[in-house]
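In what follows, a single structure is set out as structure tokens and then discussed.
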Amino acid sequence: MLLFAFSSKAQTPQNNANKPKLVVGIVVDQMRYDYLNKFWDKYEEGGFKRIINNGFNFKNNHYNYAPTYTGPGHTSVWTGTSPMNHGIIGNDWFDKFTGEMVYCAQDDDVASLGTKTNAGKMSPHRMQATTLSDQNRLHTQFRGKTIGVSIKDRGAILPAGHTANAAYWFSGGGDGKFISSTYYMDELPKWVQKFNSSGKAASYLKEWNTLLDIETYVESGIDENTFEGGFRGKEKATFPYDLKKLSKENGNYSIIPQTPYGDDITLDFALAAIEAEELGQDEDTDILALSFSSTDKVGHNFGVNSKEVEDTYLRLDKNISDLLTYLDKNVGEGKYTIFLTADHAGGHVGGYLNSVKIPTGNLDYGKLKKDFTDFATKQFGEGLIKNVSNDQIFLDYDYMATKDLNPADVETKIEHFLIQQPGVYKVYTRTELQSNNFSNGIGYLVQNGFNQKRSGDIMIVEHPGSGYGRGSTHGSVFNYDTHTPLLFFGARVPHGETYERSEIVDVAPTMAALLGIEYPNATSGNPLAIMLDKDSE
Numbered sequence: 000m001l002l003f004a005f006s007s008k009a010q011t012p013q014n015n016a017n018k019p020k021l022v023v024g025i026v027v028d029q030m031r032y033d034y035l036n037k038f039w040d041k042y043e044e045g046g047f048k049r050i051i052n053n054g055f056n057f058k059n060n061h062y063n064y065a066p067t068y069t070g071p072g073h074t075s076v077w078t079g080t081s082p083m084n085h086g087i088i089g090n091d092w093f094d095k096f097t098g099e100m101v102y103c104a105q106d107d108d109v110a111s112l113g114t115k116t117n118a119g120k121m122s123p124h125r126m127q128a129t130t131l132s133d134q135n136r137l138h139t140q141f142r143g144k145t146i147g148v149s150i151k152d153r154g155a156i157l158p159a160g161h162t163a164n165a166a167y168w169f170s171g172g173g174d175g176k177f178i179s180s181t182y183y184m185d186e187l188p189k190w191v192q193k194f195n196s197s198g199k200a201a202s203y204l205k206e207w208n209t210l211l212d213i214e215t216y217v218e219s220g221i222d223e224n225t226f227e228g229g230f231r232g233k234e235k236a237t238f239p240y241d242l243k244k245l246s247k248e249n250g251n252y253s254i255i256p257q258t259p260y261g262d263d264i265t266l267d268f269a270l271a272a273i274e275a276e277e278l279g280q281d282e283d284t285d286i287l288a289l290s291f292s293s294t295d296k297v298g299h300n301f302g303v304n305s306k307e308v309e310d311t312y313l314r315l316d317k318n319i320s321d322l323l324t325y326l327d328k329n330v331g332e333g334k335y336t337i338f339l340t341a342d343h344a345g346g347h348v349g350g351y352l353n354s355v356k357i358p359t360g361n362l363d364y365g366k367l368k369k370d371f372t373d374f375a376t377k378q379f380g381e382g383l384i385k386n387v388s389n390d391q392i393f394l395d396y397d398y399m400a401t402k403d404l405n406p407a408d409v410e411t412k413i414e415h416f417l418i419q420q421p422g423v424y425k426v427y428t429r430t431e432l433q434s435n436n437f438s439n440g441i442g443y444l445v446q447n448g449f450n451q452k453r454s455g456d457i458m459i460v461e462h463p464g465s466g467y468g469r470g471s472t473h474g475s476v477f478n479y480d481t482h483t484p485l486l487f488f489g490a491r492v493p494h495g496e497t498y499e500r501s502e503i504v505d506v507a508p509t510m511a512a513l514l515g516i517e518y519p520n521a522t523s524g525n526p527l528a529i530m531l532d533k534d535s536e
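Residue numbers for the sequence shown follow numbering that gives the first Met the number 0, beginning at 0 and rising by one.
Right, dumping it as structure tokens:
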């Protein structure tokens with residue numbers, strides 16, 4: 000169990016004049032910026048519209064690196080830096096020192112709480128930087144609390160940081176519970192046990208039909224098409240979905256996160272956490288790191304142009320509205336600050352783009368891997384390649400030394416081969432990334448995602464628009480994956496909007512400046528002065 004020298008609440012609190020009592024950092028998984036505009040007319044007044052009409056909207060916000068995945072995304076939002084520095088280079092990656100694939104939140108040295116499975120053996124120990132949450136804990140002598148909540152373990156753990164009071168995530172299967180690990184505590188608090196035994200998860204095994212008349216969902220494609228995955232046990236991926244019936248073939252409670260009800264139960268649990276942990280009830284700023292992850296799962300299954308995605312965002316809008324109403328009543332209007340962004344966006348289904356004559360150049364990864372392996376073996380022998388994963392190639396330096404191969408020469412020959420292959424758009428080598436300073440373009444994004452110690456030796460950039468035949472994906476350097484919302488609302492946030500470019504690494508230093516605390520220790524972003532200066536006018 001992680002131990003800290005906690006200070007008594009009786010000590011003199013921080014000078015909190017005009018500071019929020021509670022910060023709620025919301026990360027929406029796989030949210031494109033255009034969802035704000037696309038579904039605007041159907042959003043209710045109290046959700047996204049309230050935040051935008053009263054807060055500050057950064058309309059040209061982008062991720063400044065690739066790969067644009069969930070683990071790196073959540074980490075970059077909260078650390079104020081990119082994988083180059085914080086070390087979370089993917090959801091999982093090849094560890095060149097152990098020769099094994101590792102998961103970003105995996106920790107075999109802790110035990111699960113709330114489940115008999117290994118789903119709780121998680122912690123933030125692979126993250127190499129502090130978060131905004133950590134800095135607030137340090138600043139308040141650990142009086143300010145931090146709680147992380149998400150359906151996904153990485154969505155709760157990484158934002159909450161190293162010093163969090165707790166992080167909770169959902170275990171599906173036969174559990175249907177929010178769980179944690181002994182990294183944070185010895186046992187689940189009574190309020191968590193009460194929530195888990197309330198039957199809340201079972202209540203969401205019900206019909207999923209559209210919130211509004213499906214005929215009015217003109218912002219998305221037709222309900223029945225060939226570009227969606229759907230659920231086992233249902234022939235067509237069309238509304239309605241009987242989740243109780245379908246759960247038997249779709250992982251029991253694991254079907255809930257695949258629907259907007261996963262966001263519903265996330266909010267249910269988050270509100271229970273605010274109440275039980277008394278967040279926002281004293282003079283020391285508390286932080287709730289809240290991630291809505293069902294949006295990503297629905298996007299992967301049905302695609303960004305689906306009616307399922309539209310319905311999920313209309314329901315998420317209601318979640319946001321309910322959250323703001325709760326905070327007004329229980330923390331106080333004007334006494335809390337919210338920021339809302341996404342861990343990445345998402346592209347159209349590759350099959351759909353092809354059907355409307357938009358080129359995708361989809362990469363046949365299996366064929367590329369085979370052809371490349373054959374080439375490398377013929378050129379350099381069988382022992383050169385240690386691993387090929389996540390669009391990266393790891394070379395064996397011991398092998399090159401025994402064969403008297405120059406690593407830079409090997410990289411150049413491999414780069415020349417790869418750039419000729421179908422679906423490959425660009426290639427960058429370790430030598431190029433370590434010897435150049437890219438200030439813009441694709442090289443800039445690849446370099447910011449390159450961690451000298453953990454990344455591979457060859458980086459492959461796939462063709463724009465690459466994707467699957469069914470369901471959307473993400474991870475690329477292109478705008479459809481990098482352009483995400485960035486909204487601020489509440490205490491010390493003026494009303495405004497801008498098309499000036501902001502980057503995801505600017506979120507944490509902006510919030511640190513607003514709170515008057517130290518930036519996270521590896522921060523590479525900048526506070527967004529256009530909003531902060533307006534607040535001081």
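Every residue gets a Cβ at the ideal spot worked out from N, C-alpha and C, and that includes glycine.
Item	Value
Quick one, which of Ile392, Gly422, Pro256 has its alpha-carbon nearest Val409's?	Ile392
CA-CA distance, Ala521 and Ile459?	26 Å
If you reduce the DSSP assignment to three classes, tell me which class Thr372 lands in.	helix
Looking at the structure shown, is Asn224 part of a helix, part of a strand, or coil, going by DSSP?	coil
I'd like the list of long-range same chain contacts for Ser149, defined as Cβ closer than 6 Å, with 5 residues on each side in sequence excluded.	Ala155, Trp168, Ser290, Ser292
Mind checking Asn439: buried by the 16 CB within 10 Å criterion, or exposed?	exposed
Do you know whose CA, among Gly495, Lys452, Thr483, lies nearest Val506's CA?	Thr483
Quick one: using the 10 Å Cβ neighbour count with 16 as the cut-off for buried, is Leu2 buried or exposed?	Low confidence applies to Leu2: its pLDDT is 39, below 50, so where it sits in the model is not reliable enough to give any reading.
Which of the three DSSP states, helix, strand or coil, is assigned to Met126?	coil
Bridge partners of Ala165, per DSSP?	Ile146
Specify the secondary structure class of Tyr396 as computed by DSSP and reduced to three states.	helix
Taking Glu43 as part of the beta strand (DSSP E), name the residues at either end of that continuous run.	Careful: Glu43 lies outside any beta strand (DSSP E) and carries neither H nor E.
What's the C-alpha gap between Ser7 and Arg142?	Below a pLDDT of 50, predicted positions are generally treated as unreliable, and Ser7, at 36, falls in that range; the measurement from the model is reported next regardless. So the alpha carbons of these two residues sit roughly 7 Å apart.
Would you kindly work out how many angstroms separate the C-alpha atoms of Gly45 and Thr69, rounded to a whole number?	27 Å
Alpha carbon to alpha carbon, how far is Leu322 from Gly279? Give it in angstroms, no decimals.	14 Å
Can you name the start and end residues of the alpha helix (DSSP H) that Leu245 belongs to?	242 to 245
Tell me the DSSP secondary structure of Gln420 in three-state form.	coil
Alpha carbon to alpha carbon, how far is Glu276 from Ile516? Give it in angstroms, no decimals.	23 Å
Would you kindly report the start and end of the unbroken beta strand (DSSP E) that includes Lys385?	384 to 388
By the three-class DSSP mapping on this structure, what secondary structure does Tyr518 have?	coil
State the beta-bridge partners of Gln105 as determined by DSSP.	Met121
Count the other CB atoms within 10 Å of the CB of Trp190; is the residue buried (16 or more) or exposed (fewer)?	exposed
Assuming Tyr467 contacts Val348 under a Cβ cut-off of 8 Å, what Cβ separation, rounded to an integer in Å, is found between them?	7 Å
Near Lys368, what residues of its chain come up, given a Cβ to Cβ distance below 7 Å and the 5 sequence neighbours on each side ignored?	Val387
Should Met0 be labelled buried (16 or more other beta-carbon atoms within 10 Å of its own) or exposed?	Summary for Met0: the model assigns pLDDT 40, below 50, so the residue's position carries little reliability; its value from the coordinates is reported in the next sentence. It counts as exposed.
Identify every residue that forms a DSSP beta bridge with Trp77.	Its beta-bridge partners do not exist; DSSP assigns none.
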